[in-house]
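Colleague: Residue numbers (my numbering): 8 to 162.
Just so you know, even glycine gets a beta-carbon here, dropped at the ideal spot from N, CA and C.
Next up is a structure, given as structure tokens.
Here it is in structure tokens:
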């Protein structure tokens with residue numbers, strides 16, 4: 008029984024750990040390919056200019072993450088509800104929009120660790136997060152490591 012457990016924990020018995028995993032293979036698909044990102048405008052974190060240009064701290068974070076994975080970013084803009092639905096359906100890999108750790112989307116999306124903390128208008132600290140697909144843990148860990156390696160100054 009112990010041997011079976013060890014094989015299960017190490018993959019196909021080659022000694023290479025397979026945790027965390029991505030049931031849908033998000034990290035491997037994105038690496039060297041395409042990162043599909045959703046943006047809900049929420050200045051100064053994310054911005055959509057009148058000419059369609061994107062900006063903001065979170066746009067830079069996503070583009071830097073894609074660069075680190077050798078991926079190109081394809082952006083989709085819209086409202087939070089539509090973007091989270093696209094994330095749930097596997098049409099997006101990340102969604103940004105000035106989300107905080109208290110986002111109402113936690114039942115529909117994985118929430119990263121806070122990459123920066125700001126003080127709200129009531130003097131309460133708020134951590135800013137990125138949304139990712141639920142269950143894609145290898146992807147989430149890679150994204151969180153990248154976010155935590157960045158020095159983000161709150162706008």
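Going by beta-carbon coordinates alone, are residue 117 and residue 141 separated by less than 8 angstroms?
Modeller: yes
Colleague: Do residue 64 and residue 138 have their C-beta atoms within less than 8 angstroms of each other?
Modeller: no
Colleague: Give me, in chain order, the residues of the same chain whose beta-carbon lies closer than 8 angstroms to that of residue 157; leave out the 5 immediate sequence neighbours on both sides.
Modeller: Its chain contains 68, 71 and 122 as the residues whose beta carbon lies nearer than 8 angstroms to that of residue 157, once the 5 sequence neighbours on both sides are disregarded; these appear in chain order.
Colleague: Apart from the five residues on each side of it in sequence, which residues of its chain come closer than 6 angstroms, Cβ to Cβ, to residue 29?
Modeller: These residues qualify, in order along the chain: 143, 145 and 146.
Colleague: Within a Cβ cutoff of 6 angstroms, which residues of the same chain sit near residue 149, ignoring the five residues on either side of it in sequence?
Modeller: 34
Colleague: Assign residue 161 to one of two classes, buried (16 or more other C-beta atoms within 10 Å of its C-beta) or exposed (fewer than that).
Modeller: Flag for residue 161 reads exposed.
Colleague: Taking the DSSP output, what are the residues bridged to residue 160?
Modeller: Bridge partners of residue 160: none, in fact.
Colleague: With distance defined between alpha-carbon atoms, name the residue in 45, 159 and 41 nearest to residue 75.
Modeller: 41
Colleague: Just verifying my parser: in three-state terms, what is the DSSP assignment at residue 82?
Modeller: In the structure shown, residue 82 sits in a strand (DSSP, three-state: E or B).
Colleague: Could you work out which residue in 49, 97, 124 and 79 is closest to residue 87 when comparing CA atoms only?
Modeller: Taking each of 49, 97, 124 and 79 in turn and checking the Cα distance to residue 87, the smallest one comes out for 49.
Colleague: Determine the DSSP secondary structure at residue 152, reduced to helix, strand or coil.
Modeller: helix
Colleague: Return helix, strand or coil for residue 92, following the three-state DSSP convention.
Modeller: Assignment of residue 92 by DSSP, reduced to helix, strand and coil, places it in the helix class.
Colleague: With DSSP collapsed to three states, give me the class of residue 64.
Modeller: Reduced to three states, the DSSP call for residue 64 is helix.
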